[in-house]
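In the working numbering, the protein residues as written are 378 to 753. This report refers to the structure that appears directly beneath it.
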Ligand code: XIL
């Protein structure tokens with residue numbers, strides 16, 4: 378593959394691999410992205426909310442058509458599921474998993490151990506506990522969430538967002554994390570060992586963001602991630618896979634295919650499986666004309682996915698949402714448009730119509746050399 382660099386704020390469309398138009402595609406077939414993924418031996422999925430399934434039949438039909446994998450956008454985060462110590466509410470996640478089962482989709486679990494979206498009682502409880510108690514406060518969630526969905530959730534984000542070089546630690550670890558503060562880096566080892574024991578069939582993921590771009594920020598984060606993996610592998614921590622979140626911001630940072638390909642090769646070198654777990658593209662800062670912006674967003678997505686899917690360890694692509702109707706980017710302070718218009722960083726627009734980004738994802742799956750699709 379001849380690879381190239383995509384400049385922040387100056388996406389030269391003419392230089393990009395062509396993305397076929399969706400209207401042409403739709404007239405020949407109504408196949409969803411999952412069908413394209415399947416032919417390349419992969420899965421395609423999206424993050425969803427149970428409320429969308431309850432209240433939005435158009436969106437629900439689009440999920441059923443496009444996806445063969447789903448993940449909860451927030452309904453397995455502990456701040457939602459354990460509002461009071463030991464008092465659980467899995468109603469949202471249960472609905473999502475029931476939907477996945479009904480439609481014979483795979484499901485991911487997001488996320489067991491994270492520094493964010495934790496219930497307010499947890500921080501103070503950790504401060505009061507002794508070391509055994511602190512460990513238990515972490516593993517107790519694994520004990521409840523994993524068995525509940527055993528055989529239904531096949532892969533778990535066991536630890537999400539462990540690194541943050543901006544926190545000032547020489548090794549790039551996230552210092553401003555209740556788990557790091559309570560247990561040190563060992564929290565990662567404990568979480569993975571515990572998860573392995575609790576559901577031996579599940580694929581165990583370490584996931585993080587800011588690994589994608591050609592920028593000093595992402596370079597520091599890639600280095601921190603690889604060094605962390607060196608230590609985890611040396612300690613034989615049972616990490617099976619790395620999830621690249623894939624929140625792209627092409628109008629802020631450059632994307633370089635070679636650089637990203639090398640990083641994925643490095644990850645594969647550890648024997649790890651890979652997935653893009655939260656793909657979307659922040660379009661803020663792009664051309665005001667939405668059509669032009671859609672084409673640029675699609676071009677950078679194609680550049681990114683061509684590299685991701687060139688790696689034989691890459692097993693699935695999941696978008697963080699499916700339709701612009703519900704993108705978190707429309708509300709996130711860094712990415713939302715000042716005039717309130719929807720972010721256009723997902724494959725379907727607000728009316729569930731396929732956009733050039735949809736075509737880019739389909740085309741990237743179509744162009745990828747197939748791998749043997751795992752059934753686990
Ligand atoms: C986001 C959700 O999309 C939002 O609805 C919520 O308010 C905040 O969290 N990385 C992650 C996800 O791992 O859990 C985040 O999801 C987006 C960034």
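All C-beta atoms in this analysis are idealised placements derived from N, C-alpha and C, irrespective of residue type, glycine included.
What separation, rounded to the nearest whole angstrom, lies between the Cα atoms of residue i and residue j?
i	j	result
residue 472	residue 705	21 Å
residue 390	residue 540	With a pLDDT of only 40 at residue 390, under the threshold of 50, the placement of this residue in the model should not be trusted, and no figure is reported.
residue 712	residue 656	14 Å
residue 572	residue 699	29 Å
residue 565	residue 669	43 Å
residue 561	residue 438	44 Å
residue 508	residue 625	39 Å
residue 717	residue 658	17 Å
residue 586	residue 720	19 Å
residue 570	residue 646	22 Å
residue 551	residue 407	44 Å
residue 741	residue 513	44 Å
residue 727	residue 703	8 Å
residue 744	residue 642	19 Å
residue 612	residue 568	13 Å
So is residue i buried or exposed if we call it buried at 16+ other beta carbons inside 10 Å?
i	result
residue 401	With a pLDDT of only 45 at residue 401, under 50, the local geometry of the prediction cannot be trusted, and the value read off the model is given with reservation. By the 10 Å Cβ count, residue 401 comes out exposed.
residue 477	buried
residue 431	exposed
residue 417	buried
residue 522	buried
residue 429	buried
residue 505	exposed
residue 542	buried
residue 447	buried
residue 555	buried
Do the CB positions of residue i and residue j come within less than 7 Å of each other?
i	j	result
residue 684	residue 638	yes
residue 469	residue 494	no
residue 731	residue 419	no
residue 453	residue 486	yes
residue 462	residue 498	yes
residue 644	residue 618	no
residue 544	residue 553	yes
residue 633	residue 660	no
residue 622	residue 580	no
residue 423	residue 630	no
residue 411	residue 445	yes
residue 677	residue 627	yes
residue 421	residue 694	yes
residue 347	residue 443	A question about residue 347 goes unanswered here, because the residues of the chain that appear run from 378 up to 753.
residue 548	residue 491	no
So residue i and residue j are in contact, right, with Cβ under 8 Å, and what is the actual spacing, rounded?
i	j	result
residue 483	residue 531	5 Å
residue 380	residue 635	5 Å
residue 725	residue 687	That belief does not hold up - the Cβ atoms of residue 725 and residue 687 are roughly 25 Å apart, past 8 Å.
residue 383	residue 680	5 Å
Does residue i have its Cβ less than 7 Å from a Cβ in chain D?
i	result
residue 444	Absent here is chain D; the protein component of the structure consists of one chain.
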